[in-house]
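Read left to right, the sequence shown gives residues 23 to 239 (the working numbering).
The beta-carbon is built from N, C-alpha and C at its ideal position, and this holds for glycine as well.
As the structure is a computational prediction, the values presented were derived from the model and not from experiment.
First comes the structure, then the notes that go with it.
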Amino acid sequence: MADLSFYSGTMDSGKSTLALQVDHNRRARGHVGRVFTSHDRAGSGIVSSRLGLSVVAIEVPEELDFWDHVVGSLTQGGRIDYLVCDEAQFYTRRQIDQLAKIVDELDIDVYCFGILTDFRTRLFEGSARLVELADRVHTLQVEALCWCGKRATHNARTESGVMVTEGEVMVVGDVDESERPNPAVGYEVLCRRHHRRRLTVAAAKTGALSPDVLPFD
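This is how it looks when you write it as structure tokens:
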């Protein structure tokens, strides 16, 4: 029986790397699949890993119908054994329902990879629906770390190094690295304590806030 699987984690926890590995392993066994993505940092129609790996993929706009796409391919004589769906947090609720239908009606495995919550700590639409429908929900075991060394649980958006909690949900950026200058729009993973205090690595370095302030805010 096919499964709808959801692999979730914060940014920088290896989701896209695992998606590429799943695709590679299935193809190495002679299986035929499709790889999908949405708003990858490397550009449209690409699944990329921070380890330097990448593969051409099908971009998922809001109007894409997964059911029509797969059934159309099959009726034209194509073969599809599995789907790899990266950046699934950006998919619509309707598209997640279509993926579940593909699993149930066509017996095709679907592997989804994505972030649970946005920079405001709210569930993404696609991720919320996957939690509701998936046969298996996996938390990635590679833990991203906050600058303080604790396990990172929250994704923060920064603008010129300053953390923000308002704005458009989908703005493409990348995880900040300590040796790079602050980008106009960047992302950083933080533990809950420092996300709540808006204490990014840049703020900590400049002494804008102290990690030892009393937790009464």
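*Same chain, Cβ closer than 8 Å to aspartate 157, five either side skipped, listed in chain order*: Asp25, Leu26, Ser27, Val125
*Smallest Cα separation from phenylalanine 112: which of Gly171, Thr175, Ser149?*
Ser149
*Any chance you could list the beta strand (DSSP E) runs of at least 3 consecutive residues sitting entirely within the segment 32-73, in chain order?*
55-59, 68-70
*Look at the alpha carbon of threonine 32 and the alpha carbon of threonine 59, and state the distance between them as a whole number of angstroms.*
17 Å
*Between the beta-carbon of isoleucine 102 and the beta-carbon of valine 92, is there less than 7 Å?*
yes
*Give the DSSP bridge partners of serine 30, in chain order.*
Gly136, Thr161
*Just to confirm, are valine 54 and aspartate 45 a CB contact at a threshold of 7 Å?*
no
*One or two residues paired with alanine 24 in a DSSP bridge*: Per DSSP, none; premise fails for alanine 24.
*Does the segment 137-154 come within contact of the segment 166-174, defined as at least 3 CB pairs closer than 8 Å?*
no
*C-alpha distance - lysine 123 paired with valine 184, whole-angstrom precision*: 42 Å
_Classification of serine 38 by the beta-carbon crowding that lies within 10 angstroms, buried from 16 upward_ = buried
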